[in-house]
Amino acid sequence: YIQMYKQGGYIPSFALATGDWPAMTGNFAASWIADAWHKGLRNFDLKTAYEGLRKNSLNATLIPWRNGPKTVLDDFYNENGYMPGLPPGERETVSTVDTVWEKRQSVSVTTANSYSDWCIAQLASELKLMQERDLFLKRAENYKNVFRAERGFMWPKDKRGNWIEPYDPRFAGREYFTENNAYTYNWDVKHDLEGLFELMGGRKAAELKLDQLFREDLGLPKFRFWLTQPDASGLVGQFVMGNEPSFHIPYIYNYLGVPWKTQKRIRMLLDTFFLDNIFGIPGDEDGGGMSAFVVLSMMGFFPVTPGIPVYNIGSPVFNEIKINLPNGKVFRIIAKGNTGENIYIQQAFINGKTLNKPWFTHDDIINGSILELEMRKTPNKLWGNSSADSPPSSLNYAPGIRTDIR
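Mapping of the sequence shown onto our numbering: position 69 corresponds to residue 70, and the numbering continues sequentially without gaps.
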């Protein structure tokens, strides 16, 4: 990636053998570079990587499925903190935008780049570029500019700062969102879930909203729903199991003090959509994203926020798993009493010590820890229910750094 930046002028997002493929929204390189660095994988030129990521964010276009220099839309984003959407009936005037299929995807561009900029801020901090860190942390809050509090949804906004009407959050359409609708992109704030919960009215209100995601019906004929978002497969209410913007969402219950709901939902999703027959995958594999969700979730954990070196605990399918590490150590997860019905964690231990929080660190893996989970048929609603037990996800969080891994 760094070499491609040196040769082509931009850090690629989806690097292929033939060059960059600027798919989707945001800059995925920012997330995995920050994640690798914070997990101790440091055998690369961070200064040059940061230089390229900074250029991508501030001086390149954020328009979906495009790369190259910034446009008037990117100047608007840099000045106003959101990508403007087009009201219904207004014609596109920016020639760089794909007017046939991809369009602006204005809300998704804003949420995705808020996260990308948070990742860049972490790298700026590592390089002791504190003014740059503050700049990108401020940009990481841009998602707030497209959250319409009185409606409780991420919502498109026009260039004049007005909320676009009419708009139905159930519809996707690439004018405003990427492959899903506002029900999905309400939760596309992996780097600052605490801030998102505040916008939603607090943790309890956010929990109820998350519950409703899995219950909300289509509210319109199926053919109209899939006409606007054909990628929305594997539906549970408005939740879309078949596409990658949703993979982290069931784990958000861990951040709300109700990890038993994560355990319930993960096992339900695995049992329903991932079978050993022709129906055994509910949607787009997306470069291994779907398989990664399944494998990690079946083992019992998942990384909600790349860039923060922690893993959320779900509900493991296997009684025991072992991960053999390059340093010769072994990370183990033992699920005692685990069955198809015993899906709930009663208590947990790591290296014999009580673990009351529904997450563990990357260090726990690298050090060859043993995570023991006692599984039962009924949930223990007290386990991991304190706000102090929640996984970290806020703009103020500074990941711990390992320096002994190469």
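Every residue gets a Cβ at the ideal spot worked out from N, C-alpha and C, and that includes glycine. Remember, it's a predicted structure, so these values are computed and weren't measured experimentally.
| Query | Result |
| --- | --- |
| Contact between the region 64-84 and the region 46-56 (3+ Cβ pairs under 8 Å) | no |
| Residue 316 beta carbon near the ligand ZN (any heavy atom closer than 8 Å) | Questions concerning the ligand ZN fall outside what the structure shown contains, since it holds no ligand whatsoever. |
| Enclosing alpha helix (DSSP H) for residue 166 [first to last residue] | Looking at the DSSP string, residue 166 is not in any alpha helix (DSSP H), and its letter there is neither H nor E. |
| Terminal residues of the alpha helix (DSSP H) in which residue 136 lies | 131-140 |
| Same chain only: Cβ atoms within 7 Å of residue 98, ignoring 5 sequence neighbours per side | 64, 104 and 105 |
| Neighbour-count burial assignment, residue 7, 16 or more Cβ in a 10 Å radius | exposed |
| Identified DSSP bridge partners for residue 351 | 354 and 372 |
| Distance CB(residue 245)-CB(residue 300) smaller than 9 Å | no |
| Segments of 4+ residues assigned as alpha helix (DSSP H) that fall wholly inside the region 46-126 | 47-60 and 73-81 |
| CA nearest to the CA of residue 20, picked from 371, 12 and 27 | 12 |
| Beta-carbon spacing of residue 318, residue 360 below 9 Å | no |
| Limits of the alpha helix (DSSP H) - the one that residue 2 falls within | Neither: residue 2 is in no alpha helix (DSSP H) and is coded neither H nor E. |
| Residue 407 to residue 354 span [Cα, whole Å] | Caution is warranted here: a pLDDT of 33 is assigned to residue 407, below 50, making its placement in the model unreliable, and the coordinate value is therefore given only provisionally. Going by the C-alpha atoms only, they are around 29 Å apart. |
| Enclosing beta strand (DSSP E) for residue 331 [first to last residue] | 331-337 |
| Between the CA atoms of residue 67 and residue 94 - distance to the nearest angstrom | 16 Å |
| Bridge partner(s) assigned by DSSP for residue 21 | 16 |
| As assigned by DSSP and simplified to three states, the class of residue 155 | strand |
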